Structure formats: structure tokens, C-alpha cells
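Written out below as C-alpha cells is the structure these notes cover.
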Amino acid sequence: MIIITLFIEYKDIDQQYYSNDGKTLTKVTDPYPNLRISAKCEIIQEKCFYDLHSLEYFTFEENPNLTVIGCQSFYYCINLKIIDLSLCRKLKIISNNAFFNCNQVSEINLPHELHEIQDVAFYSCSNIQNIIIPASVELIGKYAFHSSSQLKDVIFEGDSKLTSLESGVFAFTSITSFHISEKITKISGFAFSDSQLTNLTINEKNKHLKLENNTVFSVNKSILYFICNKSDTYEIPDYITTLGNELFYYSKLKSITIPPAVTTIGNNCFSSTKITSISNIGDKAFSLCSNLLNITFLSSLEIGNNLFDDCPNLELVIFPNNPMIVNSHSFSSDTSPKLRMSFTDKTLFSQSSIQRNTNISIFYLTEPNLIIDTNCLVMNFDQTEIYEFWGYNFSNGITIHKNVNTILESAFENSEISYICLELDSQLAVIQKFAFRNCRQLCSFNSSLANLRTLGYSAFKDCINLKALSFGSPDLVVMNNAFENCINLESISSMTNIQDKCFS
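Numbering (the UniProt record's numbering) for the sequence shown: 1 to 504.
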């Protein structure tokens, strides 16, 4: 056995690089390769050794008081050889990007009282082969050891306090086998990349997770957290209700079947996959799926925000044969410019769901060129006729385009809407029968219905909170029961041709 001992001559860092009280190491530019940090120092400030290519080794005086290594403090110290923090028994936090791309480092020694290793802390430390994580560590952030390409062994000391394995934490390493410690409660689907990991084990005292065939579930098997070495197809078990965050992130997945029991899909679940078709899906996470062409919802589901962000080739979303509510921000937006939608039944969208005029088809309407606009109004392509209002929870009311001349039969019937704004120079001429029937929250329009010629039968029937309306045309024809049971209607202006039964 050969033991090689390195003798390294260190230079004490000059006082000019510390704060006045000596407790903060601020910015070091000393080109000497081997530097010693004062025991008095408590904080290594953000970007302290940033891009200092001359630095090869650093150490500490006896009994160091260091508590925090700041963000990017040793960022891109590309000639640094060893990170030895074992003497720093008061060190609690290694901050974001602290040792980013220190790609010559071959050894990392961490102190026993360390609490946090934050996001990207040791990203691309590509020469380390093993590391021991102290039991005191409660958090290892996202991408902390990502791209540390030669890292093979991660050992957690007994009674580890770590509770989660975050996104990308050990992705693109050489880890082939990993042991899940006792207190881990959740695992990101992208904690490891697919290429290397082949074997998972779990502490027998872990009461939060269940491991079967290298697949990690919640202990009751309702949540699917992690799948080892995912293939291009996967069938979700029938008992799963939740797909965890990043479950298929950056995988080879091309097709998938998701059972009706699934009600929740985690953040970025399918992001950056090679999916080409989906037959049934939960609630979100197809951003950046550049090959995705179509989606079919087989049943009503809860839909999360920004579902199809940056899906440039998505062409068609088919909705189920039953009513559905899409309470989702930016369901249709400019980042999915080809998207059109097909409906069999009425579907309601929340106020920010439709971010651009979107082409749609509806089984029970014969009009071939329909759109749904940003106010969730179903209209013909020229925006002259409103067929239906598909808004959900529109607390701020809606705006009707000035080109609209006809609101068709029952277009807003039973809608929960309080206020309608007509654009300047509105051409609205016809409100057909039942158009606003039972709109119990409707209070008013912002301006006179100056060009209205026809107000249909029971058009505002049961609008019990409607308070005032103003008209302008002497040729206005008001049909029977137009204002029946409008019990709070206080004022109607410029209506001359009043039928006997328009208020009853």
C-alpha cells in the first residue's frame, strides 16, 4: 500500500479582503494558488472567489467560525483540486452555485453539522467519484450534484435527516446503485437520469415510500414518484391517483396510457419528452413537448396552469363527451400557435384560460368556422355573432367586440356574469330569445344598447340583479316577457315600443 502525503504551503488571505470586523470574506483576487481563511471569518460572501482560476487549494485556521458559504462564492474555480470543509464544524449552509463547475475537484469533505446544500451547489464537479453526506443535512437542493459525471457512490450517514431527493440532484452522474434513507418522503422523477441507475434499495425503517421493481411509490401506492430506466412506453397502474413532479422529464417516453383514477399530474411531469400522442391525461405538464401533435381527454379532469406552453406543433385537443371545466391559466396561448379544439359538449374556461382567439369545432353547432375568443365567447370567424358564452368564474365581467351584431338564442343563459362591456361603436342589433335568461348575477351594461333593433322573448327573464338598461333606437322591438322577474330593475331609458307583457 502506497500513501502519498501532499505538503502544501498556504498563504494567509490578506486583511484587505475581509470586512472591518474580519467576520466576512468579501472579494479575493490574490493570485497565489493556496490560500488560508481566517478562523474569525463567519461568512464567505457571494462571488468571493468567483472565476479565480489561480486558486488550487484553500484551508482554514484552527477552530474556524465559518457558518455560511455564499452564492457563487467559488463559482468556476476551474483549477481547484479539493474542497475540504471538514474542520468547519459551525458551517450550516452551502449556498446556490457555491462550487459550480469546479471541474478539477476530486474530493469533497463535508462537516458533520452542515444543514443545507442548496441548488446547483456542486454542479459539474466532474472529477469527484464519491461523497459522504452527513446525517445533519436536511436539504440538498435541485441540481446540487447534476453533471458530476464521475460520481459513483453517495453514502448517507446513519440517521440522515434528509427528507427529499429534488429535481436533477444526481442527474447525469455515474451512480448505478442508490440507497433511499429512512426519512425520505418524496423523490423527483428526475432526481437521477435514466442512463446509469440500475438498482435502488430503501431503508427498511422508511415509513413514507414503497419500492417495487426499482419503482418508487408513496407507501399507500397512490403516488408514483420515480421509475428507474424508463422505456419509450409506459402503462400507469390502475391504482395510481397522482403522477409525481418530473416523473417522465427528459425521458425517452413516446406514448403512455393514463387510467381514469389519475387526478393529479405533477409539475413538468412530461416536460421535454418525445411524446407524439396522448389518449388520456390528468391535469398538467406538457411544456416544451415539441413533437406533441394531439391530445384526447376521455373524461372530465382538473387541468393545471400553462399546460401546453411552448408546444409549437400541437394541433388538436379533443374534449370528452360530457361537460368539463378548464380552470387553467394560459390553456391556449401564443406559445402553441397551431392549437385548435374540438368539442362534443359545452366546456367552461376560466378568465385567463384563453389567451388568443382559437379555432374550435362544436358537434351540435353547424357553423364551420367557429372561434373562442379571450372572453370565452363562442363566435363565428368574423366575430359578428355570439353563439354561446363559455366563461367560468368571470368576476370582472366580459367585453363584447364592436363587430358583434347578434347575440343568438340562449347564448348567455344561466351564466354567472356580473357585468358586460360593449366596445365603443358597438354594432349590436339583435338579442335573441332567452339570450340572458337566468343570469342572476348580471347587474348592468357599461353603455347604451344604442343600435339594438330586436330584444327577443324572455331575453332577460330571471335576471334578478339587473338594475338598469338604456336603449337608443326608436325602431326597437321588445318581445313578450323580455324582462320577466327582473325584480330589481329600476330604470329603462329610451324604450318606446313596449309590449304589454314584456315585464311579465
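Glycine included, each C-beta is placed from N, C-alpha and C at the ideal position. Quick caveat: nothing in here was measured; it's all calculated off a predicted structure.
When we look at the beta-carbon of residue i and count the other beta-carbons within 10 Å, is it buried (16 or more) or exposed?
i: Y249; result: buried
i: H401; result: buried
i: Y239; result: exposed
i: Q150; result: exposed
i: K338; result: exposed
i: E9; result: exposed
i: T176; result: exposed
i: S395; result: exposed
i: N103; result: buried
i: L35; result: buried
i: I155; result: exposed
i: I83; result: buried
i: A468; result: exposed
i: V262; result: buried
i: K11; result: exposed
i: D425; result: exposed
i: Y123; result: buried
i: F389; result: buried
i: F58; result: buried
i: S353; result: buried
i: I360; result: buried
i: K501; result: exposed
i: E367; result: exposed
In angstroms with no decimal places, state the Cα-to-Cα distance between residue i and residue j.
i: D310; j: V28; result: 42 Å
i: S458; j: D475; result: 19 Å
i: D232; j: N213; result: 17 Å
i: F349; j: I265; result: 19 Å
i: D373; j: N109; result: 59 Å
i: T257; j: T296; result: 11 Å
i: N481; j: L489; result: 14 Å
i: G282; j: L247; result: Here the model assigns G282 a pLDDT of 43, short of 50, so the residue's position is not dependable, and the following value carries that caveat. Cα to Cα, G282 sits roughly 13 Å from L247.
i: R89; j: S136; result: 11 Å
i: L422; j: S188; result: 49 Å
i: T26; j: F192; result: 35 Å
i: K221; j: L162; result: 21 Å
i: Y225; j: D382; result: 48 Å
i: M479; j: L370; result: 29 Å
i: I227; j: M341; result: 32 Å
i: C48; j: I37; result: 12 Å
i: A39; j: F217; result: 46 Å
i: E235; j: K252; result: 14 Å
i: V169; j: K346; result: 44 Å
i: residue 527; j: S255; result: This structure cannot speak to residue 527, because the chain is shown only from 1 to 504.
i: S54; j: I93; result: 25 Å
i: T215; j: D119; result: 25 Å
i: L365; j: F445; result: 28 Å
Would you grab the beta carbon distance between residue i and residue j for me? Rounded to a whole angstrom, and I think it's under 8 Å.
i: L466; j: I431; result: The pair is not a contact, with the Cβ atoms about 13 Å apart (cut-off 8 Å).
i: L91; j: E62; result: At roughly 15 Å, the Cβ-Cβ gap does not stay under 8 Å, so L91 and E62 are not in contact.
i: C439; j: S415; result: 5 Å
i: N245; j: N267; result: 5 Å
i: S160; j: C125; result: Actually they are not in contact, since the Cβ atoms of S160 and C125 sit about 21 Å apart, beyond 8 Å.
i: S333; j: Q355; result: 4 Å
i: C289; j: F319; result: C289 to F319, Cβ: 19 Å. No contact.
i: V404; j: I420; result: The pair is not a contact, with the Cβ atoms about 11 Å apart (cut-off 8 Å).
i: T384; j: T406; result: 7 Å
Report yes if the CB atom of residue i is closer than 8 Å to the CB atom of residue j, and no otherwise.
i: T24; j: Y18; result: yes
i: P64; j: S86; result: no
i: H208; j: A171; result: no
i: D30; j: D51; result: no
i: R437; j: S418; result: no
i: N294; j: I275; result: no
i: S164; j: K142; result: no
i: I44; j: G22; result: no
i: E157; j: E138; result: no
i: L452; j: A429; result: yes
i: G391; j: C376; result: yes
i: S272; j: N306; result: no
i: F343; j: F308; result: no
i: K205; j: V219; result: no
i: L316; j: S336; result: no
i: C41; j: L66; result: yes
i: Q196; j: S167; result: no
i: K152; j: N127; result: no
i: I492; j: I464; result: no
Shorter than 7 Å, the distance from the beta carbon of residue i to the closest heavy atom of the ligand NAP, or not?
i: D238; result: In the structure on display, the ligand NAP does not appear, and there are no ligands present to speak of.
Between the stretch 299-308 and the stretch 316-332, are three or more C-beta pairs nearer than 8 Å? Touching, per the Cβ criterion.
With contact counted as at least three CB pairs below 8 Å, one residue from each stretch, are the stretch 200-208 and the stretch 169-183 in contact? yes
At least three beta-carbon pairs within less than 8 Å, the stretch 68-86 to the stretch 94-106: Touching, yes.
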